[in-house]
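Have a look at the structure below, then the notes.
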Amino acid sequence: MNSAQRLTRWTAAAAAVLAVAGVGAEPARAQDQKTLKAVMTTPARIIDPIFTTAYAARNHGYMVFDTLFALDEKFEPQPQMVKEWSLSPDQLTYTFTLRDGLKFHDGAPVTSEDCLASIRRWGANDGMGQKLMDFTKEMTAVNDKTFKLELKEPYGLVLQSLGKPSSNVPFMMPKKAAKTDPKQQIALADHIGSGPFKFVLDEFKPDTKVVYVKNPDYIPRAEPPSWGAGAKIVKVDRVEQLNITDAQTITNALINGEIDFVEGPAIDHLPMLTKDAKIKVEILKTLGSIGMVRLNHLHPPFDNVKIRQAVLHAVNQDDYLEAQIGNNEYFKRCAAMFICGTPFGSDVGAPPAKPDLELAKKLLKEGGYDGTTVVVMQPTDIGILAPLAPVTVQAMRAIGMKVDMQSMDWQTLVGRRAKQEPPAQGGWNMFHTTWVAADMVTPVQNLGVNGRGKTGGWFGWPEDKEVEALRDEFARATDVAKQKKLADAIQKKAYEDVMWIPTGVYYEPSAWRTNLAGVLKSPFPAFWNIDKR
Amino acid sequence: MAAFILKRLLATIPVMGMVAMVVFLILRLSPGDPAAILAGDAATPEMIEQIRANLGLDRPILVQFGAWLWQLLQGDLGNSLLSLQPVSATIGRCFGPTLSLATTTIVFSVIVAVPLGVVAAWKHGTWIDRSVMGLSVVGFSVPVFVLGYGWIYAIALWLRLLPVQGFVPITEGIGLFLSHLVLPTLTLSVIFIALIARMTRASVLEILTEDYIRTAHAKGVSERRVLVHHALRNAAVPIVSVIGIGIALLIGGVVVTESVFNIPGLGRLTVDAVLARDYPIIQGVILVFSAAYVFINLGIDLAYTVFDPRIRY
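One line per chain: the protein sequences are A and B, in this order.
With the numbering used here, letter number 86 in the first sequence gets 86, and the count goes up by one each step, no holes.
With the numbering used here, letter number 256 in the second sequence gets 789, and the count goes up by one each step, no holes.
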């Protein structure tokens with residue numbers, strides 16, 4: 001082979017490699033666009049916000065879709081897509097009229113039929129939606145912009161349900177998408193909303209990034225922005241949500257100016273970020289998140305209320321919060337099952353802040369604890385969850401319980417916790433999780449106080465008819481004072497029955513480069529109102 | 534030669550069939566439930582059950598395997614359970630970054646390691662030899678993530694010369710493309726330089742004791758020519774084997790480097806898919822890996838004939 005032939009071969013080989021390296025090339029775009037690069041806590045892979053309760057899908061929903069109502073920072077439902085609404089004197093018929101000029105991203109007008117189909121699909125999947133559907137007699141379109149919701153009996157949570165801020169949020173979709181089986185995802189091509197951003201399907205690479213561009217046809221409301229309510233004015237051309245998995249890389253990229261916004265930087269990286277004058281660190285989700293100890297009520301030893309109460313009196317929120325966060329700027333004790341500082345947050349029924357080991361041991365004895373081993377599932381791959389189980393395990397051992405803490409990844413835990421069999425047959429006795437506080441603020445949406453048991457209940461399956469009756473009464477109540485009284489009664493009974501144990505509220509701050517302005521406080525990441533200088 | 538290649542290609546069919554079956558069964562027998570992951574944290578057991586039925590995951594394993602195999606025979610790897618995107622497109626998208634990183638790493642490693650190994654063998658027993666061998670032990674021993682973070686701190690954050698993370702396709706500019714690959718390439722190359730340099734030294738050292746090398750010296754052939762044309766060429770077979778294994782490792786085994794530098798390659802895709810129990814993606818990626826291993830080995834075998842004319846198939 002001569003030199004020329006050799007050169008030709010090498011050139012051909014190099015060209016082939018370079019051609020493959022170009023796989024994934026993006027369409028050329030104008031360099032003068034304002035592009036906001038963000039890293040979210042959980043990258044969006046499943047994006048149908050009605051099919052799944054995953055927060056990443058909810059966040060996607062807020063970008064692409066809009067809601068009829070939205071809760072503001074005072075927990076008041078405010079009209080969003082709705083222009084005006086009325087309630088009949090018998091409190092049975094709601095009439096909603098849509099705002100003028102609402103359009104989906106494909107240019108089609110938003111109609112009453114789209115909204116009714118969307119509410120039905122959401123009502124089939126979401127707990128609060130199911131409750132609303134239980135109370136609904138009929139939903140009908142009056143005309144293209146007006147529709148009615150007729151109730152079987154007065155129901156106090158209609159607007160709160162339609163303005164629900166967290167998963168599943170009742171987003172309005174085109175009728176075609178909303179007709180999809182609620183237990184199947186809508187097609188990727190059907191992510192056509194009427195929200196402030198458009199989803200860029202061609203650039204949807206969940207392993208790399210999800211891209212949104214400004215919806216120029218979006219008509220914002222006139223009121224100031226407040227959580228999901230008010231004006232959603234988009235001030236950047238494009239938002240790229242990057243999928244970066246390594247916490248240190250995220251921090252380095254923010255410091256180096258390669259990304260603009262991080263939803264939840266690692267707590268132990270905060271000192272690095274706060275000392276950088278070009279980075280702002282602030283708590284945006286002011287309601288925070290709450291940890292949960294969940295016991296399995298179906299099997300020994302936690303089928304015995306005394307033994308559940310023993311665990312309740314053995315644990316200490318301070319221990320959980322120190323282990324999880326370790327910096328008291330970002331956590332606080334909170335015994336309120338419906339979250340401290342919210343309309344239904346209270347300490348009613350909660351045990352004293354300090355654990356009482358003697359009482360716990362006495363309760364164990366009264367409950368006839370026979371040394372049954374407690375199987376605790378510990379997820380090791382999620383930093384915020386991993387420390388919870390060892391804290392409970394230590395407390396249970398301190399009062400003389402036998403514990404088998406089994407470490408696993410979160411997804412294994414998620415699969416196993418659905419098993420209702422005894423622990424010896426692949427079941428479990430205890431796991432821990434955390435919730436965005438916005439998901440826990442009323443007895444209807446708070447899954448911890450669901451008392452439906454094995455059929456219809458949430459994992460752990462506590463069965464409590466009294467709590468269920470109180471939740472129904474709460475849903476019927478149209479008077480806030482009465483609702484508050486009922487919420488207190490539910491919490492008191494939930495603590496007596498130890499339906500779940502709160503481990504305290506923590507706050508995960510966000511971080512962004514100071515060239516961003518107008519970042520909003522909200523229980524979910526809001527990308528409207530943010531400008532990039 | 535053509536018969537050999539054909540035979541080897543035909544042999545890949547049962548290999549990949551076995552791989553497909555084993556991967557499928559391991560996934561179905563391992564803990565975790567894609568339906569529960571899809572439904573999210575607040576889903577009730579009833580919802581999860583309905584989703585499982587919709588996905589066909591409640592069917593007997595053999596029925597599921599048969600359905601997947603039938604799909605596979607039609608050239609369809611299926612769609613991701615999570616993102617709904619076609620598996621083949623997802624793998625294709627991640628193959629570009631992986632191939633880019635593998636290419637730059639191997640090219641850089643060979644350029645640095647082969648001369649180092651030859652010089653170490655030539656200067657056997659001197660401080661040069663000991664330095665090269667000592668550094669290669671260090672190269673083997675330092676964890677990849679330590680090296681990666683070290684480069685990032687020094688070159689990206691302190692000197693501000695290169696980006697911290699990311700991959701830019703070559704179509705967006707060769708400069709941008711290469712600037713994003715420098716640090717991961719340096720990180721990964723250290724271990725491959727160590728490996729290839731040691732192998733080159735050992736092979737060349739062995740050849741240097743051969744009679745024909747002594748004859749070449751006696752004939753007055755220059756030292757450079759003896760080393761490159763006589764010693765290195767005859768020592769090439771084991772070196773090529775190591776390089777081939779290196780390429781195979783780089784195709785799927787650089788998860789840590791891909792994570793540290795945020796390179797959306799096949800390694801990270803595999804780990805993400807395993808954590809999310811995205812069965813179609815895992816099955817597809819493993820099939821691609823097994824095919825890649827088979828073809829790389831075939832390439833190595835064919836390369837032997839170039840360096841050693843005595844080898845014939």
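Glycine residues also receive a C-beta, built at the ideal position from the N, C-alpha and C atoms.
Keep in mind that this is a model prediction, so the values were computed, not measured.
So within the region 215 to 303 of chain A, which uninterrupted alpha helix (DSSP H) runs reach at least 4 residues, ignoring any that extend past its ends?
Correct list: 247 to 255 and 270 to 274.
Sort Thr503/A, Ala360/A and Gln80/A by Cα distance to Trp435/A and report the nearest one.
Considering only alpha carbons, the answer is Thr503/A.
Are the CB atoms of Phe65/A and Met173/A within a distance shorter than 8 Å?
Going by C-beta atoms, Met173/A is nearer than 8 Å to Phe65/A.
Check Gln78/A in the structure and name its three-state DSSP category.
In the structure shown, Gln78/A sits in a strand (DSSP, three-state: E or B).
Leu680/B CB to nearest chain A CB: under 8 Å?
With 8 Å as the cut-off, Leu680/B does not count as an interface residue toward chain A.
Determine the closest residue to Arg731/B out of Gly672/B, Thr720/B and Thr748/B, with distance taken between C-alpha atoms.
Of Gly672/B, Thr720/B and Thr748/B, the residue nearest in Cα terms is Gly672/B.
Below 8 Å between beta carbons: does that hold for Gly779/B and Leu728/B?
Going by C-beta atoms, Gly779/B is nearer than 8 Å to Leu728/B.
Could you pull the start and end residues of the alpha helix (DSSP H) that Gln420/A belongs to?
Looking at the DSSP string, Gln420/A is not in any alpha helix (DSSP H), and its letter there is neither H nor E.
Within 10 Å of its beta-carbon, does Asn795/B have 16 or more other beta-carbons around it, so buried, or fewer, so exposed?
Result: buried.
Please decide whether Thr535/A counts as near chain B, where near means a Cβ-Cβ distance under 8 Å.
Examination of residue 535/A is not possible in this model, given that chain A is present from 1 through 533 alone.
Are Phe69/A and Gln80/A touching if we call contact CB-CB under 8 Å?
Yes.
Does Asp202/A get closer than 8 Å to chain B when you measure Cβ to Cβ?
With 8 Å as the cut-off, Asp202/A does not count as an interface residue toward chain B.
Pro387/A and Ala323/A look like a contact to me (Cβ under 8 Å); what is the Cβ gap, rounded to whole Å?
Yes, they are in contact, since the Cβ atoms of Pro387/A and Ala323/A sit about 4 Å apart, within 8 Å.
Short of 8 Å in beta carbon distance, which residues of its chain neighbour Glu258/A, apart from the five on each side in sequence? Order them along the chain.
The residues are Lys37.
Which residues share a DSSP beta bridge with Ala141/A?
Looking at the DSSP assignment, Ala141/A forms a beta bridge with Phe147/A.
Under a three-way DSSP split, which group does Trp428/A fall into?
Trp428/A: coil per DSSP, three-state reduction.
Would Gly683/B and Val793/B qualify as a contact pair, given that the criterion is a beta-carbon distance under 8 Å?
Contact flag unset, no.
Specify, as a first and last residue, the run of the alpha helix (DSSP H) that Tyr826/B falls within.
Taken as a continuous stretch (DSSP letters only), the alpha helix (DSSP H) holding Tyr826/B covers Tyr812 to Phe840.
DSSP on Thr208/A, reduced to helix/strand/coil?
Note: Thr208/A maps to coil in three-state DSSP.
Which one or two residues does DSSP pair with Ile501/A in a beta bridge?
Paired residue(s): Val293/A.
Along chain A, which residues have their Cβ under 7 Å away from the Cβ of Met549/B?
Near Met549/B there are no residues of chain A at all, since even the closest Cβ is about 21 Å away, more than 7 Å.
Just checking, does the region 447 to 459 of chain A make contact with the region 397 to 408 of chain A on the three C-beta pairs under 8 Å criterion?
Segments in contact, no.
Please compile the residues from chain B whose C-beta is within a distance smaller than 8 Å of the C-beta of Thr52/A.
Within 8 Å Cβ-Cβ: Leu571, Ala572, Gly573 and Ala576.
Which residue wins for smallest C-alpha separation from Gly156/A, given the options Pro77/A, Phe302/A and Asp237/A?
Answer by Cα proximity: Pro77/A.
Quick one, which of Gly785/B, Val827/B and Leu782/B has its alpha-carbon nearest Thr545/B's?
Thr545/B has its Cα closest to that of Val827/B, out of Gly785/B, Val827/B and Leu782/B.
Look up Lys83/A in the DSSP assignment and say whether it is helix, strand or coil.
It is a strand residue.
Would you say Tyr846/B and Phe537/B are within 8 Å of each other, going by their C-beta atoms?
Yes; because the gap between Cβ atoms is below 8 Å, this pair is in contact.
Figure out for me which residue from Ile283/A, His191/A and Gly228/A has the closest Cα to the Cα of Trp512/A.
Nearest C-alpha to Trp512/A: Ile283/A.
Cβ atoms of Pro196/A and Lys232/A: under 8 Å apart, would you say?
In contact: Lys232/A and Pro196/A (Cβ atoms closer than 8 Å).
Counting only Cβ pairs nearer than 9 Å, list the residues of chain A close to Gly589/B.
Residues of chain A passing the Cβ test: none, with the nearest at roughly 12 Å.
Taking contact to mean at least 3 C-beta pairs separated by less than 8 Å, is the region 798 to 812 of chain B in contact with the region 408 to 415 of chain A?
Yes: the two stretches touch, three or more of their Cβ pairs being nearer than 8 Å.
Is Leu447/A close to chain B? Criterion is C-beta to C-beta, closer than 8 Å.
True, the Cβ-Cβ gap to chain B drops below 8 Å.
For Pro109/A, list the residues DSSP reports as bridge partners.
DSSP, once it has assigned bridges, lists Lys103/A as partnering Pro109/A.
Any chance the region 182 to 190 of chain A sits against the region 34 to 50 of chain A, with 3 or more Cβ pairs inside 8 Å?
As far as the Cβ criterion goes, the region 182 to 190 of chain A touches the region 34 to 50 of chain A, which means the pair count is three or higher.
Looking at the structure shown, is Lys493/A part of a helix, part of a strand, or coil, going by DSSP?
In this structure, Lys493/A counts as helix in the three-state DSSP scheme.
What residues in the region 415 to 427 of chain A have a beta carbon less than 7 Å from any beta carbon of chain B?
Going along the region 415 to 427 of chain A in chain order, one finds Gly415, Arg416 and Ala418 with a Cβ nearer than 7 Å to chain B.
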